[in-house]
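Working notes for the structure below.
Residue numbers (the working numbering): 8 to 82.
Given below as C-alpha cells:
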C-alpha cells in the first residue's frame with residue numbers, strides 16, 4: 008500500500024472497487040474539508056485523501072492513501 012503523502016498528481020495507481028481492481032491516476036491530493044468526486048471529503052494535512060480518475064471510465068473517486076497502490080517500476 009501507499010505511504011501517506013508519497014503520491015503526486017499524475018502518478019499511476021490501482022485501487023479496489025466493487026470487487027475489481029481499477030487502474031487510473033492521481034488528480035490531486037486533498038488536505039482539507041471539501042467536496043470532490045460528488046461527495047464531501049473530510050481530509051486534513053495529517054490525514055490526506057486523493058482524488059483519482061479511472062483510466063477505463065474517466066470517473067473520479069476519492070480514496071485514503073492506504074487504499075491506493077502505486078503502479079510502476081516496483082509493481
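Even for Gly, the Cβ is constructed at its ideal location relative to N, Cα and C.
Could you pull the start and end residues of the beta strand (DSSP E) that residue 35 belongs to?
27 to 37 is the span of the beta strand (DSSP E), which, as asked, contains residue 35.
Going by beta-carbon coordinates alone, are residue 30 and residue 73 separated by less than 7 Å?
No; because the gap between Cβ atoms is not below 7 Å, this pair is not in contact.
Going by beta-carbon coordinates alone, are residue 58 and residue 32 separated by less than 7 Å?
Contact: no.
For residue 41, which residues from the same chain have a beta carbon less than 7 Å from its beta carbon, with the 5 sequence-adjacent residues on both sides left out?
If we look at residue 41 and ignore the five residues flanking it on each side, its Cβ neighbours are 48.
For the beta strand (DSSP E) holding residue 50, just list the boundary residues, first then last.
Note, residue 50: premise wrong, no beta strand (DSSP E); not H, not E.
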